[in-house]
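K.L.:
In UniProt numbering, the protein residues as written are 1 to 155.
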C-alpha cells in the first residue's frame, strides 16, 4: 500500500511539474528555446518573410534593438511568416542577416495574436503575456524602443 501511494504521488508530482515552464520549441539553429527566455519579460515579436522587401530593411534595425536590450528583461524574437523549418529557416535567417532568435514554432496561439495578412508586423507583449501593441509596417530600433518605454511607463 505504501509503495502504491508513493508511486501515485510521484506520478502526480511529475504531471504537475510537467506543465510548468513549457519551452518554446527550437530556434533557427535547432537549439531549444527555454521558457525562461520568454516568460515574465517583455517581448518584441516580429513576423518576417524572405520575400518581404520592408522586412529586409527592418531586420538590421531589429538587430540593433536586440543588442540595445541585452541584459534587460526584454527580448527580441522573430517568427517566419511562411512557417519554414529546419535548414530552410536557418538559411533564410542567415540570408537576411538576422542576429536575434527566430522561433521555429509560431507562438501566435499562445499569445492570442491576431493573424496579420501584411508584413512586416511586430507585436509588443508585456511581462504578463498580454499583447500591448501591434505595429504594422517597417519599424526602427528607436521607434520600437520609444514605444516600449511608453508602454512600460504606464504598466
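Note that CB positions come from ideal geometry on N, CA and C, so glycine has one too.
Just grab the DSSP bridge partners of residue 47 for me.
P.N.:
Answer is 79 and 121.
K.L.:
Spatial neighbours of residue 3 within its chain, please: CB distance less than 7 Å, with the 5 preceding and 5 following residues excluded, ordered by chain position.
P.N.:
Only weak support exists for where residue 3 lies, its pLDDT of 48 falling under 50; the coordinates are left without a value.
K.L.:
Is the distance from the Cβ of residue 28 to the Cβ of residue 96 below 7 Å?
P.N.:
No. Outside cutoff.
K.L.:
Give me, in chain order, the residues of the same chain whose beta-carbon lies closer than 8 Å to that of residue 112; leave out the 5 immediate sequence neighbours on both sides.
P.N.:
Closer than 8 Å at Cβ, skipping near neighbours: 131.
K.L.:
Run the proximity test for residue 91: is its beta-carbon closer than 6 Å to any non-hydrogen atom belonging to the ligand ADP?
P.N.:
You won't find the ligand ADP in this model; it holds no ligand whatsoever.
K.L.:
Please look up how many angstroms separate the CB atoms of residue 125 and residue 151, rounded, as I've assumed it's under 8 Å.
P.N.:
No, residue 125 and residue 151 are not in contact; Cβ-Cβ is about 10 Å, not under 8 Å.
K.L.:
Shortest alpha-carbon distance to residue 61 belongs to which of 140, 55, 117 and 119?
P.N.:
Minimum Cα distance to residue 61 is reached at 140.
K.L.:
Residue 144 by DSSP, collapsed to three states: which one?
P.N.:
Looking at residue 144 - three-state DSSP - the assignment turns out to be helix.
K.L.:
Cβ of residue 81 within 7 Å of Cβ of residue 47?
P.N.:
The answer is yes: Cβ separation under 7 Å.
K.L.:
Taking the continuous alpha helix (DSSP H) assigned at residue 57, which residues delimit it?
P.N.:
First-last of the alpha helix (DSSP H) with residue 57: 53–68.
K.L.:
Residue 94 to residue 73, Cα distance in whole Å?
P.N.:
Cα to Cα, residue 94 sits roughly 26 Å from residue 73.
K.L.:
Closer than 7 Å by C-beta to residue 105: which residues in its own chain qualify, once you throw out the five before and the five after it? Chain order, please.
P.N.:
Cβ within range, chain order: 24 and 25.
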